[in-house]
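Undergrad: The structure under discussion is supplied below as structure tokens; questions concerning it will follow.
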Amino acid sequence: MIRAVPNENIIYPILDLIRKEVRQITPDSSLGMPNVKLYREHPLDKDTVTSIELTYESGHVEQVTLGLGNDDVNTYPENMRKQEYEYYRHFRLNYVVITFLSPSSDVITDYYIGLDYAKDGNLEGNKVVKR
Numbered sequence: 045m046i047r048a049v050p051n052e053n054i055i056y057p058i059l060d061l062i063r064k065e066v067r068q069i070t071p072d073s074s075l076g077m078p079n080v081k082l083y084r085e086h087p088l089d090k091d092t093v094t095s096i097e098l099t100y101e102s103g104h105v106e107q108v109t110l111g112l113g114n115d116d117v118n119t120y121p122e123n124m125r126k127q128e129y130e131y132y133r134h135f136r137l138n139y140v141v142i143t144f145l146s147p148s149s150d151v152i153t154d155y156y157i158g159l160d161y162a163k164d165g166n167l168e169g170n171k172v173v174k175r
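Below is the structure:
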């Protein structure tokens with residue numbers, strides 16, 4: 045099974061931009077070091093990370109949810125090999141949701157980052173929506 049697609053790494057600069065914005069709007073400019081908790085709740089693979097929770101010394105919480113897999117075969121590559129089907133259906137990164145919470149659990153900001161793939165399966169772009 046294909047496990048990682050290097051071009052999905054485009055998500056990291058987007059997450060950095062969102063974190064920069066969060067730090068600008070957070071009244072406490074010193075969040076401190078986070079404690080990180082990984083959730084591995086994928087129904088087909090107990091090792092696959094599905095979400096991350098960062099709890100900062102300030103009490104702020106950052107939740108990152110990874111949207112993996114997609115049942116819409118129209119989004120799969122045109123020349124997909126049969127052995128790749130399960131990867132696209134259950135494991136390919138399709139979106140990321142990042143939510144930043146105050147110490148009192150109020151939502152400070154919430155973003156949806158959708159990944160757009162070309163017909164050859166390569167990542168061609170993304171859309172970022174502040175919700």
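Using the numbering used here, you'd call the opening residue of the sequence shown number 45 and step up by one each time.
Note that the Cβ used here is the ideal one computed from N, Cα and C, for glycine as well.
Quick check on the DSSP output: the beta strand (DSSP E) that includes Tyr83 runs from which residue to which?
TA: As a first step, residue 83 is located in the sequence shown; it is residue number 39 there, counting from the start. Pro78 to Tyr83 is the span of the beta strand (DSSP E), which, as asked, contains Tyr83.
Undergrad: Run the proximity test for His104: is its beta-carbon closer than 7 Å to any non-hydrogen atom belonging to the ligand MG?
TA: The ligand MG is not part of this structure, which contains no ligands at all.
Undergrad: So, under 8 Å CB-CB, Arg133 and Asn114 are touching, yes? Tell me the CB distance rounded to an integer number of Å.
TA: Position 89 of the sequence shown, counted from the first residue, corresponds to residue 133. Position 70 of the sequence shown, counted from the first residue, corresponds to residue 114. Indeed, because the Cβ distance is near 7 Å, the residues count as touching under 8 Å.
Undergrad: Looking at C-alpha atoms only, which residue of Asp60, Gly165, Ile157 and Tyr161 is the closest neighbour of Leu110?
TA: Working through the sequence shown from its first residue, we reach residue 110 at position 66. Ranking the options by Cα distance to Leu110, first place goes to Ile157.
Undergrad: Just confirm the distance between the C-beta atoms of Asn138 and Leu167, as a whole number of angstroms; I'd bet it's less than 8 Å.
TA: Taking the first residue of the sequence shown as 1, we reach residue 138 at position 94. Taking the first residue of the sequence shown as 1, we reach residue 167 at position 123. Not really, about 11 Å apart at Cβ, beyond 8 Å.
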